Structures are given as structure tokens and as C-alpha cells.
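Colleague: After the C-alpha cells below, expect a handful of questions from me.
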Amino acid sequence: MNAVHAADGRSPEDVTRPEDVTRPEDVTRPEGAVRTVGDHEDMTTLLSTPVDDDTLGRLHRRLERAAERADLVDVAYTTVDSPVGTLLLAATPRGLVRVAYAREDHDRVLETLGQKLSPRILRVPGRLDRAAREIDEYFGGHRQTFDLTLDLSLSRGFRRLVQTRLPEIGYGQTRSYRDMAELVGNPKAVRAVGTACATNPLPIVVPCHRVLRTDGTPGGYIGGLEAKTALLNLEATA
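Per our numbering, the very first residue in the sequence shown carries number 815; after that it's consecutive.
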């Protein structure tokens, strides 16, 4: 059967297609251009291209700057090395909000911060420079008190009351849980004081390690007994 053509010689599909509409197959793709529709090979190649650490670092720094300019970071964090292991430092615009030991699981700590404070969390070391420097000076024996703005929003009620009084224990000194209970005006709340120390979100900076059992033994500590002993020994020998 012969093909049917219009009077002007055009085929039926040419007749039904407006003259100014171009078919996809008629478009010439510029040399080197990546197709964005239906081109799984190009996308797979792009995603599988290895990226070195330097490139990742540059990309992350660009992300930091862009997020800072757009005011998109509610919680900034970084990690620092210390004699008691790697510490996670986190801050909000109000101040240092969290110091976490590795044994607490830093990923879990960040997840909790996202739930309690804001999901807009980004690693921005620059925001924690001062905190990192003062902690380094503390472990180097060159600092006995911290001069940092603190965000205590992770604590409430009696726990927060106890934690705000902990810095009153001087460097190299210790108090018992009973002493702290009396200090906050509730002598019977010894166990509650212990809980407040155990849940302190800012260990080292807020010195819950200086609170001991009544018999003088270290007691529990969020960073573990080894870390608590190391801090007490550091301060005792300064």
C-alpha cells in the first residue's frame, strides 16, 4: 500500500505536528553537554566519579560559608582531640550547648540535638574556635576557669539548678553530692544531685567531675571513671 501524503507532499505526522514544534530527536546536543532526561549512563558516571579528600574539604567549606550567609545553621559542631579522647563540641547562637565524649556516641548526640534543638545542624569548626582553644589550654595546664558563653537550654528544673552551681567548685577542689545538695538548699536531694551531674550536657566546662561520693570515691561520670580520674589528677598536679 502506498503511503498517504497531503496535497503539499507532507506525511500525516508532519501535518498534525505544528511547524514550530521540534521533535526531541531533531535537537542537536552540544558536544560535551550532559543530557538530563533519560540519560542514566551520564548520571551514573557522574555519581561514581571518585572525589578526593581535598575536594570534599573545599566543597564543605563552600557549604559552610553559604549556610552562614543564609543564616541556616542553628547548631554548629566540631570535634577536637584531647587526653580523654575525641570530644564533640556543639554551639547555638546563644553559646556552647554540648560537650560530648566519644563513649556517648557522637552520631547519637547529634541526632538528639536535632530532635531537641533544631535539625539545622552543620559542622562549622570556626564557630567553636574559642571553645576548642580554651579546652586545649585547660588540658595543657594553662587554664583553670572557662570564659565561655553557655547555652543551658538542654537542662531543666533541679538539674539545671545544680549544674549552674557546679562552676563554684574551684579548680583542684572537690565536693560531695551531699555538699551540693545542701548548697542548692535541698539537703535530702543527694540522689537527684547525682542525676544532675550524670546528665550534665557540658562536662569539663561545667565541672561535674569535681563532685565525689561522700566516702571520697569518684562515683559515676558521663565520660567514664577513667576520664574522671584523669581530670581530677590533672587538676591535683597543676
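By construction, the Cβ of each residue, glycine as well, lies at the ideal position given by its N, Cα and C atoms.
For clarity, every value in this text was computed on a predicted model and none was experimentally measured.
1. Checking 9 Å against the spacing of the C-beta atoms, do Pro907 and Asp921 come in under that value?
2. Give a yes or no on contact between the stretch 895 to 913 and the stretch 1037 to 1049, applying the rule of three or more CB pairs nearer than 8 Å.
3. Our contact map puts Gly909 next to Asp950 with C-beta atoms below 8 Å; I'd like the distance itself, whole angstroms only.
4. Closest to Ala1041 by CA distance: which of Thr892, Arg1024, Ala904 and Leu927 is it?
5. Which of helix, strand or coil does DSSP assign to Ile1018?
6. Determine the contact status of Ala914 and Ala904, defining contact as a CB-CB distance below 9 Å.
7. In the stretch 905 to 933, which residue ranges form an unbroken alpha helix (DSSP H) of at least 4 residues, counting only runs that do not cross its ends?
8. Would you kindly report the start and end of the unbroken alpha helix (DSSP H) that includes Ala890?
9. When you compare only the Cα positions, how much space is there between Ile983 and Arg947?
10. Run the CB neighbour count on Gly954, radius 10 Å, all protein chains shown included, and call it buried at 16 or more, exposed below.
11. Sort Glu1049, Thr892 and Phe972 by Cα distance to Gln987 and report the nearest one.
12. Apply the 10 Å Cβ neighbour rule to Arg989 and answer buried if 16 or more other Cβ atoms are within range, or exposed otherwise.
13. Would you tell me roughly how many angstroms separate the C-alpha atoms of Val1020 and Ala1010, rounded to the nearest one?
14. So the alpha helix (DSSP H) Arg947 belongs to, where does it begin and stop?
15. Are Val938 and Thr892 closer than 9 Å when you measure CB to CB?
16. For Arg957, name the three-state secondary structure that DSSP assigns.
17. Closest to Phe960 by CA distance: which of Arg944, Leu975, Arg973 and Phe972 is it?
18. So is Gln977 buried or exposed if we call it buried at 16+ other beta carbons inside 10 Å?
19. Buried or exposed for Pro1015, going by 16 or more other Cβ atoms inside 10 Å?
20. Which value, in whole angstroms, describes the spacing of the CA atoms of Leu1045 and Thr1051?
21. Quick one, are the C-beta atoms of Ile935 and Leu927 less than 9 Å apart?
22. From Leu1026 to Leu931, what does the alpha carbon distance come to, in whole angstroms?
Modeller: According to the structure data:
1. no
2. yes
3. Rounded, the Cβ-Cβ distance is 19 Å, inconsistent with contact.
4. Arg1024
5. coil
6. yes
7. 920 to 930
8. Where Ala890 is concerned, there is no enclosing alpha helix (DSSP H), although the beta strand (DSSP E) it sits in stretches over Val889 to Val894.
9. 22 Å
10. exposed
11. Glu1049
12. buried
13. 12 Å
14. Asp943 to Phe953
15. yes
16. coil
17. Arg944
18. buried
19. buried
20. 10 Å
21. yes
22. 31 Å
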